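Protein chains in written order, with the numbering used here: chain Z, 52 to 168; chain B, 52 to 168. C-beta: ideal position from N, C-alpha, C; glycine also. Because the structure is a prediction, the values reported are computed rather than measured. Worksheet: the structure to be examined is printed underneath.
2 protein chains.
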Amino acid sequence: MCADLCCEEKCIHQDIVNKVETHLPNDETLYDLAELFKVFGDSTRIKILYALFEAEMCVCDIAELLNLTQSAISHQLRVLKSAKLVKARRAGKTVFYSLSDEHVRLIINQGMEHVIE
Amino acid sequence: MCADLCCEEKCIHQDIVNKVETHLPNDETLYDLAELFKVFGDSTRIKILYALFEAEMCVCDIAELLNLTQSAISHQLRVLKSAKLVKARRAGKTVFYSLSDEHVRLIINQGMEHVIE
DNA sequence: CTTTCATATGAACAACTGTTCATGTGTTTA
DNA sequence: TAAACACATGAACAGTTGTTCATATGAAAG
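Below, the structure written as structure tokens:
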């Protein structure tokens, strides 16, 4: 059904259009998915997640380990927490952060595979 | 080795610090990884990739299918191509785009699993 | 060669992002 | 209660991003 689209000659057929429209998740889901990847799209946050791969940690440890300010880390942990990638546990004055689940590791590893070609 | 870090009491030990420093990829790799996820972090680009899951398509088809301007799609295809997520094939006036490899699908599916909980 | 069509690209703009700095909140200890 | 500590948060700032508009490139047809 090229006429419905732009090209004159050899463009996609109606059954492909239908297939896309069937398989394409709804806008809200796609938006959420993009938001999730956006969270992974910052090297500070990636570093925090890599640190938490090894053990749960408090904010100041992460800051010290990554050589960044406590405030910067705290802001980023907030983002990670909203995305449900990390969870927090309070122990007195200290707050320990850890990975929410194994999805985080899987997603990062999958991405890393593409990066290292 | 809490003294090396910030907290007074129960913070991470030196062997964990060592573990993180051993497993943490170098800055350039982490930067590349973040750049990769940044590319997935836009719903327009996600939609384009979903469309290409079904078949290779030319720019105007994608634009028509997603109800966006040809220019916007072209700009985004450039980003996707730089990240080696899609490849282009010229046929006369038309340029057909398709997925570079199966990593794309795997990364998106992995992200989707987290989104749909 | 000129026109037409599909695509690419540059400039401009508003919207968004990540850090810093200052300060607020909540918990423990003196 | 006051001080000290770990963490959270708001404002402000520079840097980045995605779209639009106008225009350029490159290929095919007349």
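Residue(s) in a DSSP beta bridge with residue i
{"i": "B/Thr120", "result": "B/Thr120 is not bridged to any residue."}
{"i": "B/Leu150", "result": "B/Val137"}
{"i": "B/Cys109", "result": "B/Phe147"}
{"i": "Z/Ala142", "result": "Z/Thr145"}
Residue closest to residue i, alpha-carbon to alpha-carbon, out of the options
{"i": "B/Val68", "options": "Z/Glu79, Z/Gly92, Z/Phe104", "result": "Z/Phe104"}
{"i": "Z/Leu128", "options": "Z/Lys70, Z/Ile97, Z/Met163, Z/His74", "result": "Z/Ile97"}
{"i": "B/Leu136", "options": "B/Leu157, B/Leu119, B/Ala123, B/Leu116", "result": "B/Leu157"}
{"i": "Z/Glu86", "options": "Z/Asn160, Z/His165, Z/Val166, Z/Val130", "result": "Z/Val130"}
{"i": "B/Leu116", "options": "Z/Met108, Z/Phe91, Z/Thr73", "result": "Z/Thr73"}
{"i": "Z/Gln65", "options": "B/Gly162, B/Lys70, B/Met108, B/Arg140", "result": "B/Met108"}
{"i": "Z/Ala134", "options": "B/Val166, B/Ser133, B/Val110", "result": "B/Val166"}
{"i": "Z/Val110", "options": "Z/Tyr101, Z/Gln121, Z/Ala102", "result": "Z/Gln121"}
{"i": "Z/Asn118", "options": "Z/Arg140, Z/Lys138, Z/Thr95, Z/Gln161", "result": "Z/Thr95"}
{"i": "Z/Gly162", "options": "B/Ile63, B/Asp83, B/Val71", "result": "B/Asp83"}
{"i": "Z/Ile63", "options": "B/His154, B/Ala106, B/Asn160", "result": "B/Ala106"}
{"i": "B/Ala102", "options": "B/Gly92, B/Val71, B/Ile124", "result": "B/Ile124"}
{"i": "B/Lys138", "options": "B/Glu168, B/Lys89, B/Leu100", "result": "B/Leu100"}
{"i": "B/Glu153", "options": "Z/Val71, Z/Asp112, Z/Glu168", "result": "Z/Glu168"}
{"i": "Z/Asp93", "options": "Z/His126, Z/Val71, Z/Lys144, Z/Asp112", "result": "Z/His126"}
{"i": "Z/Thr182", "options": "Z/Asp112, Z/Lys89, Z/Val71", "result": "Nothing about residue 182 of chain Z can be read from this structure; chain Z reaches only from 52 to 168."}
{"i": "Z/Val155", "options": "Z/Val71, Z/Val90, Z/Lys70", "result": "Z/Val90"}
{"i": "B/Glu164", "options": "Z/Phe88, Z/Ala142, Z/Glu164", "result": "Z/Phe88"}
C-beta neighbour in chain B for residue i, strict 9 angstroms
{"i": "Z/Arg141", "result": "no"}
{"i": "Z/Gln127", "result": "no"}
{"i": "Z/Ser149", "result": "no"}
{"i": "Z/Val137", "result": "no"}
{"i": "Z/Ala123", "result": "no"}
Residue-level contact to chain Z via CB, residue i, 9 angstroms cutoff
{"i": "B/Glu60", "result": "Low local confidence applies: a pLDDT of 49 at B/Glu60 is under 50, so the model's placement there is unreliable, and no value is given."}
{"i": "B/Leu131", "result": "no"}
{"i": "B/Thr47", "result": "Outside the modelled stretch of chain B, which goes from 52 to 168, sits residue 47 of chain B, for which no answer is possible."}
{"i": "B/Gln65", "result": "no"}
{"i": "B/Tyr101", "result": "yes"}
{"i": "B/Leu119", "result": "no"}
{"i": "B/Val166", "result": "yes"}
{"i": "B/Ala54", "result": "Annotation note: pLDDT 35 at B/Ala54 (below 50); position unreliable, coordinate value reported separately. No, its Cβ sits nowhere closer than 9 angstroms to a Cβ of chain Z."}
- prompt: Between the region 74-92 of chain Z and the region 139-154 of chain Z, do three or more beta carbon pairs fall short of 8 angstroms?
  reply: no
message: Quick check on the DSSP output: what are the complete alpha helix (DSSP H) runs of length 4 or more inside the region 65-106 of chain Z, in order along the chain?
response: 65-74, 78-91, 94-105
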